[in-house]
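Protein chains in written order, with this note's numbering: chain A, -18 to 320; chain B, 742 to 1029; chain C, 18 to 370.
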Amino acid sequence: MAAGASRDTRALSAGLAGLALCLLLVCGLSIAVGSRSIDFSVVVDALGGHAQNSTEQTVVNDIRVPRTLLGLLVGAALGLSGALLQGVTRNPLADPSIMGLSAGAAAFVVLGISVLDIRDLGGYVWLAFAGTAVAAVLVYGVASFGREGATPIKLALAGAAVAAGLWSVTTGVVMTDVDALDQIRFWQVGSLAGRNMPVLEQVAPFLAIGIVLALVCGRALNGIALGDSTARALGQRVEATRALILVAVTVLCGAATAACGPIVFVGLVVPHVARAICGPDYRWILPYCLLLAPAIFLVCDVLGRIVLAPGELEVGVVMGVLGAPFFIALVRYRNLAEL
Amino acid sequence: MSAPNGNGRRRHELRAEDLALGYGSHEVLAEVDLEIPDGRVTAVIGANACGKSTLLRGLARLLRPRAGAVYLDGKRIHRMKTLDVAAELGLLPQSPNAPDGITVSDLVGRGRYPHQGWLRQWSAGDEAAVAAALEATGTAELAGRRVQELSGGQRQRVWVAMALAQETDLLLLDEPTTFLDINHQIELLDLLSDLNRRSGKTIVIVLHDLNMACRYADHIVAMKDGRIFVEGPPREVVDAASVSAVFGVDCEVIPDPVSGAPLVVPRSRHHAPVEEGVTGSRAVSSRG
Amino acid sequence: MTGGVTTLRTAPVGASIRTLRLHRRRSRFALTALLGALAFALFVITLTVGSSSIPVTDVLASLFGLESNEGVDFIVHDLRLPIAGAALCVGLALGIAGTLFQQLLNNPLAAPEFVGISAGASLAAVSGIVLFAWSGIEISLAALAGAFAAAILIYALAWRGGISGYRLILIGIGLTELMLALVTYLIARAQIYDAREATHWLTGSIGQSGADELRALIVVLLLLSPLALLLNRSLRTLQLGDDAARGLGARVETARLGLLAIAVALVAFATAVAGPIAFVALVAGPIAHRILGPTQSSILAAGFVGASIVLVADLIAQQVLPVALPTGVVTGAVGAPYLLWVLVTLNRQGRGG
């Protein structure tokens, strides 16, 4: 029995290492590929700081590298927050956008643009946080009334309801304020384009804190997955854990949405892939999400850069288009609807 | 135990021939030949996942057979119109769903669906049937109450009343006693016996409780692994060997002191007589 | 127990059931009529207000052709009646469709905007506006086509030997996300005036389409509402669960498909007229349910409630607010808190999911 367990652990560790390697490659891809084609050797030179063409040096160092790093952090944040949400709600369909969190962030951001005239990303970050938190509290609070607590279907519908309501608010504002519309419509697509060093510096601390918080919660999530009473019987402090996890989710989603706008499906789909690989143990699922999500995210971003070159297709759209069939297959074939 | 074979009611024939049923790619029943005795109470028993509910659902036309057919009065049940079937066969499924806030008389009234049409919505005959159904199940005084407020036993009786209001000669019930406590179980089974004896209804019931089946049924159908293992009157069919084969449990079968039907007394690791005359807690168990 | 004794015993029970039933039918009729009167009253009020307010008696006279006053007639018939009529019809259609969805999918939170139909209409309409510079009737036709296409797609994807309400809703939510992602993309890519027009259409407003769309909606309403009422029996039988319904002789999949088709058609044509107006379809059913009492046939009542909501929202949006806003903004702002309250109270009784 012990030998088998360590074999599993070894296999999973090997998998993780392989994934890390893949991620490295994808990062390389993200730095090397873009709407402007730059030779690989030039890229390497630029990274070292001595490329001959200064434009290309700028492109690589000031545009692509920050963008890649941001993609890493945001992808990881979204994947982890999805896994956390799914674990804490015991709902395989939880995801920041289905739960209405992205809509909350968007509504607050647009209100900030219109009412408080906030235009810089720093302000967006705090607004997005507040919006995410408000939406999270609303959705979870409303869905958990009743004997059964927050069942998957109630959460999904409460999330859809809150999202729709907040979207109404958002549209109401942009209809009266054309300038706000012009600002927010680009932000709402969800993109890594145009995000460079200052943006990265602004959100990186939050994302880092959130990621650390999330990774610490693995064991606690395993307990919660068994049900509240069982978890308590095992000695776990369920309320405290839940609060901590929700804080982590808010920080992660808030910062990610603030930086890139609302991105759908990453948080939903990646935890399922991770679970398919490593089973229901959150101590493994979380590290896998940490590596898998940014890999998928950056791949989609690169795809978006290639597909419409010299223009660009935003990563939010690519993920939406590719993610939906996956989600639908999930609902159809995993009989999740019965949960 | 036998039902009066008259009352002016028609004889009905419900049988399965070489029936195979399944869900998706998974086959549950194969090569089942069964004739339901007319005017009797038939109990379908077996271990979990042996196919007893599937068999009932196949007989009730809820499942399309993969092979073979179910015949009602000589006609293939799947070729008949749904309403024609509903006029002869009533069903109480396993987890019926009562709409929010519905009252007892409303729910029982829904049982009149096959007798109503687009133009003929509600008639005196319908009301009489509903009233009779409520009377027969002893739920008349609950008529105005909401179903969701009733106890489990009362609710099951109301569902039976709905099936009764359909005024069919055959009644199929899928595990109606599963979540009831013992007095409600007996209440319900007594009611079904009444219906069988007074009005000669043919009753087919899936039961998980072997002893209740022995006591109330005229005919037992024991299923194992998707096939009929044995069928017949309880006294002939239920003995230690067949119980062991169907349920995998070692037992003694003695006559029930109350009804005379076979009573299955299971043996277990902790309760096995080592020698004749030594029973219960004084038995020596091999493991603590 | 002989037959004679049974008849004697059942007579008083039968009588009490009959009185119960008649009493409830009468109260249901009265309440529905009351709701209808309310909708009509709001309709008339909408005709009286505006840049010049016309007294109620004149409006009624003009409506029913009792007096002929050219000035009043012009204002009432040519200017205001199209708007008020559109509000009335859109509200009726959305209310009826909403309660049909909720009863078919057995969930009080099922609504076309979640199930993906509105998203399909939106995607088609916005594509038309942004990509093809369509306007007027072309956008409405696109919305119509988009709604039907989305409905068919979702139904097909949710079909797995039958339709489960949960599966339909969840797949609908998934597809909605996809379609809305594409909509956001299109709006971001568009010229700012196209973007504004698209956003305006998306919010939903009564006056945004012409007489042809309204006429189509009226025809559809007149044809399909009676059909829905006739199918009401099947609907109520479906509520008992698929197995019990089949046991009673209902043709489950056919009935469900038919009723869904009616609901989809009503939503599609209403969306073609006014865009995806939020929340009306969602809340009309529960409100009617609450007024009429549970399990009463509430299709017509829900229609009237829907009509009242849209008429009131339009009044507020056009007349009361300092800045004229699209109707959809008001319904959203009013509907969202109501919806959350419904969720809370329903969930407290354990009925929300």
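We treat Cβ as the ideally placed atom computed from N, Cα and C, and that holds for glycine.
Problem - Buried versus exposed call for W358 of chain C [16 or more other C-beta atoms within 10 Å across all chains shown] - result: exposed
Practice task
Could you pull the start and end residues of the beta strand (DSSP E) that F970 of chain B belongs to?
Solution key: R968 to G973
Handout entry: Listed by chain order, chain A residues near G191 of chain C by CB distance under 8 Å
Key = A305, F308, I309 and V312
Handout entry: Contact set for G349 of chain C: own chain, Cβ-Cβ below 7 Å, skip 5 residues either direction
Key = A295 and F296
Problem - DSSP three-state assignment for P73 of chain A, whether helix, strand or coil - result: coil
Practice task
With 8 Å as the C-beta to C-beta threshold (strictly closer), list the residues of the stretch 798 to 819 of chain B near chain C in chain order.
Solution key: R798, A801, R802 and L803
Problem - Within 7 Å, strictly: CB atoms of T49 of chain A and I12 of chain A - result: Closer than 7 Å, so yes.
Problem - Which residues DSSP lists as bridging I995 of chain B, in chain order - result: B:L1004.
Practice task
Determine, using beta carbons only, whether R184 of chain C comes closer than 7 Å to chain B.
Solution key: no
Handout entry: Span separating the alpha-carbon of L233 of chain A from that of A138 of chain C
Key = 33 Å
Exercise for the section: Using DSSP bridges, identify the partner residues of A963 of chain B. Expected result: For A963 of chain B, DSSP records a beta bridge to B:I786 and B:V971.
Problem - Test: E270 of chain C CB closer than 7 Å to a CB of chain A - result: no
Exercise for the section: Report the partner residues of L911 of chain B according to the DSSP bridge assignment. Expected result: For L911 of chain B, which the question treats as bridged, DSSP gives the partners B:L830 and B:T943.
Problem - Residues of its chain near G815 of chain B, where Cβ-Cβ distance is below 8 Å and the 5 sequence neighbours each way are ignored - result: Contacts found: E754.
Practice task
Taking only beta-carbon positions, decide if Y957 of chain B is within less than 7 Å of chain C.
Solution key: So no, Y957 of chain B is outside the interface.
Exercise for the section: May I ask you to report which of helix, strand or coil DSSP gives L762 of chain B? Expected result: strand
Exercise for the section: Could you tell me which uninterrupted alpha helix (DSSP H) segments, each at least 4 residues in length, are contained entirely in the stretch 298 to 360 of chain C, listed from first to last along the chain? Expected result: 316 to 332
Exercise for the section: Give the residues of chain A in contact with T201 of chain C, contact being defined as C-beta atoms less than 7 Å apart. Expected result: Chain A residues near T201 of chain C: Q169 and V170.
Problem - Partner residues on chain C for G893 of chain B, Cβ-Cβ distance less than 9 Å - result: Residues of chain C passing the Cβ test: none, with the nearest at roughly 16 Å.
Exercise for the section: Decide if V55 of chain A is buried, meaning its Cβ has at least 16 other Cβ atoms within 10 Å, or exposed. Expected result: Counting other Cβ atoms within 10 Å of its Cβ, V55 of chain A reaches 16 or more and is therefore classed as buried.
Exercise for the section: Answer with yes or no whether the minimum CB distance from E194 of chain C to chain A is below 7 Å. Expected result: Closer than 7 Å to some Cβ of chain A, the Cβ of E194 of chain C qualifies, so yes.
Problem - Whole-angstrom distance between L64 of chain C and S79 of chain C, CA atom to CA atom - result: 11 Å
Problem - Inside the stretch 151 to 178 of chain A only - alpha helix (DSSP H) runs reaching at least 4 residues - result: Taking only runs of at least 4 residues, the alpha helix (DSSP H) segments lying wholly in the stretch 151 to 178 of chain A are 159 to 168.
Practice task
May I ask you to list, following chain order, the residues of the stretch 251 to 264 of chain C that have a beta carbon less than 9 Å from some beta carbon of chain B?
Solution key: S251, R253, T254, Q256, L257, G258, D259, D260, A261, A262, R263 and G264
Problem - Reduced DSSP secondary structure (H/G/I, E/B, other) of I180 of chain C - result: The answer is strand: DSSP assigns I180 of chain C an E or B state.
Problem - Beta-carbon spacing of A88 of chain A, L147 of chain A below 7 Å - result: yes
Handout entry: Entirely enclosed beta strand (DSSP E) segments - the stretch 792 to 829 of chain B, minimum 3 residues
Key = 808 to 813
Handout entry: Touching by the beta-carbon criterion (3+ pairs, under 8 Å), the stretch 236 to 252 of chain A and the stretch 175 to 190 of chain A
Key = yes
Problem - Buried versus exposed call for K135 of chain A [16 or more other C-beta atoms within 10 Å across all chains shown] - result: buried
Practice task
Kindly identify the DSSP beta-bridge partner or partners of H767 of chain B.
Solution key: B:Y764
Practice task
Could you work out which residue in B:V826, B:V849 and B:Q897 is closest to G885 of chain B when comparing CA atoms only?
Solution key: B:V849
Handout entry: Contact with chain C by P917 of chain B, beta-carbon distance below 7 Å
Key = no
Practice task
Would you list the residues sitting across from L755 of chain B in a DSSP beta bridge?
Solution key: B:I777 and B:L813
Problem - Amino acids of chain C, ordered along the chain, whose beta-carbon sits closer than 9 Å to that of I79 of chain A - result: Within chain C, the residues whose beta carbon sits less than 9 Å from that of I79 of chain A are I190, G191 and E194, listed in sequence order.
Handout entry: Spatial neighbours of L933 of chain B in its chain, beta-carbon cut-off 6 Å, leaving aside the 5 residues before and after
Key = Cβ neighbours of L933 of chain B beyond the five flanking positions: I944.
Practice task
Enumerate in chain order the residues of its own chain whose CB-to-CB distance from T(-10) of chain A is below 8 Å, with the five nearest sequence positions on each side excluded.
Solution key: none
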